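*Asks:* Chains as they are written, first to last, in my numbering: chain C, 28 to 141; chain Z, 2 to 118. We put the beta carbon where it would ideally sit given N, CA and C, even for glycine. No experiment lies behind these values; they were computed from the predicted model shown. What follows is a single structure, and I will ask about it in a moment.
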């Protein structure tokens, strides 16, 4: 069966510091991968998605970037965090190759920027 | 552009009773998918149920069923025999196909369900 991991689970970082959040998927090949952000009490907003290694698309202009160095690894980064980057970050995967349906989410990373 | 609306910010239901969570959507795409996710206090988004726009029958998964009314553009979630563990945020979402064959989910604002013992 497929599993999706995210770490760290929680993170407190000062403004201006760098960021690296990691997401890995097991039990599947060539998945579509996604990064979402959820502000407190709100729905999810898609930040980045990837349909293959090195292929990254951004949905929202921002202070963040994403990379996919391996088939089942998706990384969210920032060079300098802003207060507005605080939130709950969720990674998700769906089967690749066409109009895949269900997205499955990881446990999330709660980021607080002080 | 797609839009998902959940008009109930919070709801109470008595344990063992059924509850309906509302979701309306707006899209010009003839082919789409509708999802419901549960988010407990731990934060993880748990997939509950899926309905395709061309599905003839309403989707069901255990105690969850989706009341799909295509002409009215609504996809309400029905939870039968509520349990205390059902207390959580519930999100309705719609799939939108992206240019390079990936897809994104557009989420509603969520409904907080609280089950009373």
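#1: Who are residue 90 (chain C)'s beta bridge partners in DSSP?
#2: Quick check on residue 34 (chain C): buried or exposed, where buried means 16 or more other Cβ atoms within 10 Å of its Cβ?
#3: If you drop the 5 nearest sequence neighbours on each side, which residues of the same chain put their C-beta closer than 7 Å to that of residue 83 (chain C)?
#4: What number of angstroms, rounded off, separates the C-alpha of residue 74 (chain Z) from the C-alpha of residue 32 (chain Z)?
#5: Could you tell me the alpha carbon to alpha carbon distance between residue 106 (chain Z) and residue 40 (chain Z), rounded to whole angstroms?
#6: Does DSSP classify residue 112 (chain C) as helix, strand or coil?
#7: Hey, is residue 137 (chain C) close to the ligand SAM, as in C-beta under 6 Å from one of its heavy atoms?
#8: Taking only three categories from DSSP, how would you classify residue 106 (chain Z)?
#9: Could you give the C-beta distance for residue 76 (chain Z) and residue 38 (chain Z), rounded to a whole number, given that I count them as a contact under 8 Å?
#10: Can you grab the Cα-Cα spacing for the pair residue 131 (chain C) / residue 52 (chain Z), in whole Å?
#11: Can you grab the Cα-Cα spacing for the pair residue 98 (chain C) / residue 47 (chain C), in whole Å?
#12: Which stretch, first to last residue, makes up the beta strand (DSSP E) that contains residue 33 (chain Z)?
#13: Cβ of residue 122 (chain C) less than 7 Å from any chain Z Cβ?
#14: If we ignore side chains and look at the alpha-carbon of each, how far apart do residue 29 (chain C) and residue 36 (chain Z) end up?
#15: The beta strand (DSSP E) that contains residue 64 (chain C), what's its start and end?
#16: According to the neighbour-count rule (16 or more other Cβ atoms, all chains shown, within 10 Å of its Cβ), is residue 13 (chain Z) buried or exposed?
#17: Between the C-alpha atoms of residue 117 (chain Z) and residue 85 (chain Z), what's the straight-line distance to the nearest angstrom?
#18: Anything in the region 15–42 of chain Z with a Cβ closer than 9 Å to a Cβ of chain C? List those residues in chain order, please.
#19: What residue ranges within the region 21–94 of chain Z form continuous beta strand (DSSP E) runs of no fewer than 3 residues, ordered along the chain?
#20: With a threshold of 7 Å between beta carbons, is residue 142 (chain Z) in contact with chain C?
#21: Against residue 45 (chain Z), what residues of chain C qualify as contacts under a CB-to-CB distance less than 7 Å, listed in chain order?
#22: Alpha carbon to alpha carbon, what distance is there between residue 139 (chain C) and residue 79 (chain Z)?
#23: So, under 8 Å CB-CB, residue 133 (chain C) and residue 115 (chain C) are touching, yes? Tell me the CB distance rounded to an integer number of Å.
*Replies:* By the coordinates alone:
#1: Counting from 1 along the first chain, the entry for residue 90 (chain C) is found at position 63. Paired residues: none, contrary to the question.
#2: The residue labelled residue 34 (chain C) in the question sits at position 7 within the first chain. With a threshold of 16 other beta carbon atoms within 10 Å, residue 34 (chain C) falls short and is exposed.
#3: Numbered from 1 along the first chain, position 56 holds the residue referred to as residue 83 (chain C). If we look at residue 83 (chain C) and ignore the five residues flanking it on each side, its Cβ neighbours are 75, 77, 93, 94, 95.
#4: Residue numbering aside, residue 74 (chain Z) sits at position 73 when the second chain is read from its first letter. Residue numbering aside, residue 32 (chain Z) sits at position 31 when the second chain is read from its first letter. If I take the Cα positions, the gap works out to 13 Å.
#5: Taking the first residue of the second chain as position 1, residue 106 (chain Z) is located at position 105. Taking the first residue of the second chain as position 1, residue 40 (chain Z) is located at position 39. Their backbone Cα atoms lie some 15 Å apart in a straight line.
#6: Indexing the first chain from 1 puts residue 112 (chain C) at position 85. Three-state result, residue 112 (chain C): helix.
#7: No copy of the ligand SAM occurs in the structure displayed, which carries no ligand at all.
#8: What you label residue 106 (chain Z) is simply residue 105 of the second chain in a count that begins at 1. Strand at residue 106 (chain Z).
#9: If you number the second chain from 1, residue 76 (chain Z) lands on position 75. If you number the second chain from 1, residue 38 (chain Z) lands on position 37. The C-beta distance from residue 76 (chain Z) to residue 38 (chain Z) rounds to 13 Å, too long to meet the 8 Å contact threshold.
#10: Here residue 131 (chain C) is taken as the residue at index 104 of the first chain, counted from 1. Here residue 52 (chain Z) is taken as the residue at index 51 of the second chain, counted from 1. Their backbone Cα atoms lie some 16 Å apart in a straight line.
#11: Against the first chain, residue 98 (chain C) aligns to sequence position 71. Against the first chain, residue 47 (chain C) aligns to sequence position 20. Approximately 18 Å between the Cα atoms of the pair.
#12: Within the second chain, residue 33 (chain Z) is the residue found at index 32, counting from 1. Looking at the DSSP string, residue 33 (chain Z) is not in any beta strand (DSSP E), and its letter there is neither H nor E.
#13: Sequence index remark: in the first chain, residue 122 (chain C) carries index 95 (1-based). It does not: the Cβ of residue 122 (chain C) has no partner Cβ on chain Z nearer than 7 Å.
#14: Indexing the first chain from 1 puts residue 29 (chain C) at position 2. Indexing the second chain from 1 puts residue 36 (chain Z) at position 35. Going from the Cα of residue 29 (chain C) to the Cα of residue 36 (chain Z) covers about 19 Å.
#15: As a working mapping, residue 64 (chain C) is identified with position 37 in the first chain. Unbroken beta strand (DSSP E) run through residue 64 (chain C): 59–65.
#16: For the purposes of this step, residue 13 (chain Z) is identified with residue 12 of the second chain, where counting begins at 1. When all chains shown are included, residue 13 (chain Z) counts as exposed.
#17: Working through the second chain from its first residue, we reach residue 117 (chain Z) at position 116. Working through the second chain from its first residue, we reach residue 85 (chain Z) at position 84. Using only the alpha carbons, I get a separation of about 7 Å.
#18: 32, 34, 36, 38, 40
#19: Entirely contained in the region 21–94 of chain Z, the beta strand (DSSP E) runs reaching 3 residues are, in chain order, 25–27, 34–40, 47–53, 65–70, 75–80.
#20: With chain Z running from 2 to 118 in the structure shown, residue 142 (chain Z) is simply not present.
#21: By one-based count along the second chain, residue 45 (chain Z) stands at place 44. Within chain C, the residues near residue 45 (chain Z) are 132, 134, 135.
#22: Taking the first residue of the second chain as position 1, residue 79 (chain Z) is located at position 78. Taking the first residue of the first chain as position 1, residue 139 (chain C) is located at position 112. Computed Cα separation, rounded: 35 Å.
#23: The residue labelled residue 133 (chain C) in the question sits at position 106 within the first chain. The residue labelled residue 115 (chain C) in the question sits at position 88 within the first chain. Wrong, their Cβ atoms sit about 11 Å apart, outside the cutoff.
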